[in-house]
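The structure under discussion appears below in the form of structure tokens.
Protein chains: 2
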Amino acid sequence: MQTSMTLEELKGMLIEKGIQPSFHRLKILEYLIGHRTHPTAEEVYQALSSEIPTLSRTTVYNTLKLFYQKGLVLALTIEDLEIRYDIDVSPHGHFKCLECGKVYDLPFPLSPAQRSELEGHQILEYHIYFRGICRECRSKQHPA
Amino acid sequence: MQTSMTLEELKGMLIEKGIQPSFHRLKILEYLIGHRTHPTAEEVYQALSSEIPTLSRTTVYNTLKLFYQKGLVLALTIEDLEIRYDIDVSPHGHFKCLECGKVYDLPFPLSPAQRSELEGHQILEYHIYFRGICRECRSKQHPA
DNA sequence: ATTCACTGTGCAATCATTCCAAAATCAAGA
DNA sequence: TCTTGATTTTGGAATGATTGCACAGTGAAT
Numbered sequence: 141m142q143t144s145m146t147l148e149e150l151k152g153m154l155i156e157k158g159i160q161p162s163f164h165r166l167k168i169l170e171y172l173i174g175h176r177t178h179p180t181a182e183e184v185y186q187a188l189s190s191e192i193p194t195l196s197r198t199t200v201y202n203t204l205k206l207f208y209q210k211g212l213v214l215a216l217t218i219e220d221l222e223i224r225y226d227i228d229v230s231p232h233g234h235f236k237c238l239e240c241g242k243v244y245d246l247p248f249p250l251s252p253a254q255r256s257e258l259e260g261h262q263i264l265e266y267h268i269y270f271r272g273i274c275r276e277c278r279s280k281q282h283p284a
Numbered sequence: 141m142q143t144s145m146t147l148e149e150l151k152g153m154l155i156e157k158g159i160q161p162s163f164h165r166l167k168i169l170e171y172l173i174g175h176r177t178h179p180t181a182e183e184v185y186q187a188l189s190s191e192i193p194t195l196s197r198t199t200v201y202n203t204l205k206l207f208y209q210k211g212l213v214l215a216l217t218i219e220d221l222e223i224r225y226d227i228d229v230s231p232h233g234h235f236k237c238l239e240c241g242k243v244y245d246l247p248f249p250l251s252p253a254q255r256s257e258l259e260g261h262q263i264l265e266y267h268i269y270f271r272g273i274c275r276e277c278r279s280k281q282h283p284a
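Protein chains in written order, with the working numbering: chain A, 141 to 284; chain B, 141 to 284.
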């Protein structure tokens, strides 16, 4: 879980996923690795645009979507109708504080009660969802 | 799990949650009970506006948000940056088909593998999240 | 130098949702 | 029945995140 990497290591991560390592893509990846705060596209843009004044918002959106489609990051849609990105793609849960808005990582699986005890967070609501191809659509795709 | 109720029963459901039973609110509740398809606000609006031509989109949005705040419905934000509402507030999971877009209810808890076997759905991705007040904010609210 | 494919830009458009001020409705009391 | 005040509803404008699109830039190989 290191928070800074060499340029070569960053390049390797992109190439491994079939993503060409352009300057902007490396910078955005570096930011995600260094800031495990589940940032939104806007937050990434705000953080990098002072360092890279020519950076376009659209580039940030495109890049994060590309990372997601290539499986390099997770995309979280917990609430507020905004997408947050997580460089940690291993199975784990998330906890969003309704007071301060911070998003925490949680071990998984554990019962909500255990988690509450363990972390000291007060859990008011939880939700689990799955994405995939449903039975009906599968049978249409390859009819017996 | 009945799909139609008398007017009195619908009124009772609203009053029980501290919601005044206006005509529009009853109609929207009736729709949610009769259509367990996790509809969006837009879908509810489209379905009811032919029957109630004066219905405003804002009323549907306000009403669904009120129902959610009063704990009468669940709010799902699985993807697509849209909120879906579920009249079933008991603990259960959801499965969204990436092909047809339908949202299925799933028993909970079960391991993803078990669920896949059981239902015939192909699960490509799953996510679990919690909402509440985090440890840090709690200690600020009532300092020892 | 030219070409070609890929990457990045910036503004317009889209889409769901919320804001807001005015209009409608309703209940209770005079 | 009329008045008053609170609540509900309306509809158009505003907001905020995201995407579309057409053009510009870049860089490697010819």
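We treat Cβ as the ideally placed atom computed from N, Cα and C, and that holds for glycine.
{"query": "Rounded to whole angstroms, how far is the Cβ of Tyr-225 of chain A from the Cβ of Val-213 of chain A, which I believe are closer than 8 angstroms?", "result": "5 angstroms"}
{"query": "Report the three-state DSSP secondary structure of Phe-207 of chain B (helix, strand or coil).", "result": "helix"}
{"query": "Tell me the DSSP bridge mates of Asp-226 of chain A?", "result": "A:Leu-214"}
{"query": "For Glu-276 of chain B, which residues from the same chain have a beta carbon less than 7 angstroms from its beta carbon, with the 5 sequence-adjacent residues on both sides left out?", "result": "none"}
{"query": "Identify the continuous alpha helix (DSSP H) that holds Glu-182 of chain B and give its terminal residues.", "result": "181–189"}
{"query": "From Asp-228 of chain B to Phe-163 of chain B, what does the alpha carbon distance come to, in whole angstroms?", "result": "22 angstroms"}
{"query": "I need the straight-line Cα distance from Leu-246 of chain B to Glu-259 of chain B, nearest angstrom please.", "result": "9 angstroms"}
{"query": "Since Gln-262 of chain B meets chain A, which of its residues come closer than 7 angstroms, beta carbon to beta carbon?", "result": "Gly-272, Ile-273, Arg-278"}
{"query": "What would DSSP say about Leu-246 of chain B, mapped onto helix, strand or coil?", "result": "strand"}
{"query": "Just to check my reading of the structure: Arg-271 of chain B and Leu-264 of chain A have Cβ atoms closer than 8 angstroms, yes? What is that Cβ distance to the nearest angstrom?", "result": "6 angstroms"}
{"query": "Between the beta-carbon of His-232 of chain B and the beta-carbon of Phe-248 of chain B, is there less than 8 angstroms?", "result": "yes"}
{"query": "Taking CB distances under 8 angstroms as the criterion, tell me whether His-178 of chain B reaches chain A.", "result": "no"}
{"query": "Residue range of the alpha helix (DSSP H) that Gly-174 of chain B falls in?", "result": "163–174"}
{"query": "For the alpha helix (DSSP H) containing Lys-280 of chain B, list its first residue and its last residue.", "result": "275–281"}
{"query": "Identify, in the order they occur along the chain, each residue of the same chain with its Cβ nearer than 8 angstroms to the Cβ of His-261 of chain A, setting aside the five sequence neighbours on each side.", "result": "Phe-235, Cys-237, Tyr-244, Arg-255"}
{"query": "Could you tell me the alpha carbon to alpha carbon distance between Thr-217 of chain A and Ser-251 of chain B, rounded to whole angstroms?", "result": "22 angstroms"}
{"query": "Hey, Gly-211 of chain B and Lys-157 of chain B are a contact pair by Cβ (cut 8 angstroms); roughly how many whole angstroms apart?", "result": "6 angstroms"}
{"query": "Using a Cβ-Cβ cut-off of less than 9 angstroms, list which residues of the region 236–251 of chain A approach chain B; keep chain order.", "result": "Lys-236, Cys-237, Leu-238, Glu-239, Cys-240, Lys-242, Val-243, Tyr-244, Leu-246, Phe-248, Pro-249, Ser-251"}
{"query": "Output the boundary residues of the alpha helix (DSSP H) element that contains Lys-151 of chain A.", "result": "147–156"}
{"query": "Determine the DSSP secondary structure at Glu-259 of chain B, reduced to helix, strand or coil.", "result": "helix"}
{"query": "What's the gap between the Cα of Gly-241 of chain B and the Cα of Cys-274 of chain A?", "result": "9 angstroms"}
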